[in-house]
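What follows is a short report on a single structure.
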Amino acid sequence: MTETLAFLKRNTAANSIDATFDTTLWPNIAEENCFAMLCLENGNRVYQRNPSPAAGVDNRIASGAKSQPFIAPKLQGRHTSQINPNTVSAEEFPWACTKEGGSTAYVFPATLDEQFRVQGAQRNAIITGFRKYGVGFNDYFRITFEQPTPFGQYCSALHANPPDMSICGNEPKQTLFGTAGVNIADFAYQIVRSGVVPFAFMHVAGVNKGKVTKRDRDFDVSSILETAEEVKAE
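First residue of the sequence shown: 2, per this note's numbering; consecutive thereafter.
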């Protein structure tokens, strides 16, 4: 009976499992994650793990991350930008391994090295965190990041007590993935769909918030969707 109650208790957002993830090998992705939690999710750090690994694949398809929106040949068509030529991979937050991931998740340009190429990096760190703190499928967990070097600005603000929300309005520039003067807000995207095929990605923050941009001009999202629906109906 006690075991049953414990299981039920940790499957509520109000009684989530505290889970700490080592970001040593992925500090820049962690900073993107912290920006998303602090400024796009209003400081929320509680998420629910998927019921199975397969759900993560579905989420990456739904968010558009699997369509590789940050590789050079797709930047124009997907209306996206890289931070630098190494940021060809799509980082999804909330993570694809959570129920909150998927079609409403945010995507950021990131490097393959930080996602998994260097000793497993982020991928292994998340799996290790789940195992270490007993976060099973469908469990709610509260994200805390740790690393031996100082946090980036958004992670510092998120982990402050209370969280420093003022940074979201200031949008400070910092070095990210080796590139100086980066405003993370300008690289936060969300998919805009027409039917089952990703059409483009919309800025959800920064100077182009609410816009789908394409190098030389901006598009109003509503007009894009209207045009796409007309084409689909023909």
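The C-beta atom is built at its ideal place from N, Cα and C for all residues, glycine as well.
Buried or exposed: Leu177, going by 16 or more other Cβ atoms within 10 Å of its Cβ?
-> Residue numbering aside, residue 177 sits at position 176 when the sequence shown is read from its first letter. Taking every protein chain shown into account, the CB of Leu177 has 16 or more other CB atoms within 10 angstroms, so this residue is buried.
Can you give me the start and stop residues for the alpha helix (DSSP H) that Ser64 sits inside?
-> Here residue 64 refers to the residue found at position 63 of the sequence shown. For Ser64, the enclosing alpha helix (DSSP H) stretches over residues Pro54 to Ser64.
For Glu172, which beta-bridge partners are listed by DSSP?
-> Counted from its first residue, the sequence shown places residue 172 at position 171. DSSP, once it has assigned bridges, lists no residue as partnering Glu172.
Below 7 angstroms CB to CB, which residues in the same chain sit around His80 once its five sequence neighbours on both sides are set aside?
-> Along the sequence shown, read from residue 1 onward, the residue named residue 80 stands at position 79. For His80, where only same-chain residues beyond five positions count, the Cβ hits under 7 angstroms are Ala201, Phe202, Val213, Thr214 and Lys215.
Do you know how far the Cα of Phe36 is from the Cα of Ala206?
-> On the sequence shown, position 205 is the one that residue 206 refers to. On the sequence shown, position 35 is the one that residue 36 refers to. Approximately 10 angstroms between the Cα atoms of the pair.
Can you list, in chain order, the residues of its chain whose CB lies under 7 angstroms from that of Arg194, leaving out five sequence neighbours each side?
-> Stepping through the sequence shown from its first residue, residue 194 is reached at position 193. These residues qualify, in order along the chain: Phe200.
Which residues in the same chain have their Cβ closer than 8 angstroms to the Cβ of Ile72, if we skip the five residues on either side of it in sequence?
-> Residue numbering aside, residue 72 sits at position 71 when the sequence shown is read from its first letter. Scanning its chain for C-beta atoms nearer than 8 angstroms, with the 5 sequence neighbours on each side dropped, one finds around Ile72 the residues Val89, in chain order.
Measuring CB to CB, does Gly65 end up less than 9 angstroms from Val108?
-> Counting from one through the sequence shown, the residue named residue 65 turns up at place 64. Counting from one through the sequence shown, the residue named residue 108 turns up at place 107. The answer is yes: Cβ separation under 9 angstroms.
Minimum C-alpha distance to Ile185 - residue among Thr13, Asp23 and Asn85 | As a first step, residue 185 is located in the sequence shown; it is residue number 184 there, counting from the start. Nearest C-alpha to Ile185: Asn85.
What do you reckon, are the CB atoms on Arg143 and Asp19 nearer than 9 angstroms?
-> The count along the sequence shown starts at 1 and reaches residue 143 at position 142. The count along the sequence shown starts at 1 and reaches residue 19 at position 18. For Arg143 and Asp19, yes; Cβs fall inside 9 angstroms.
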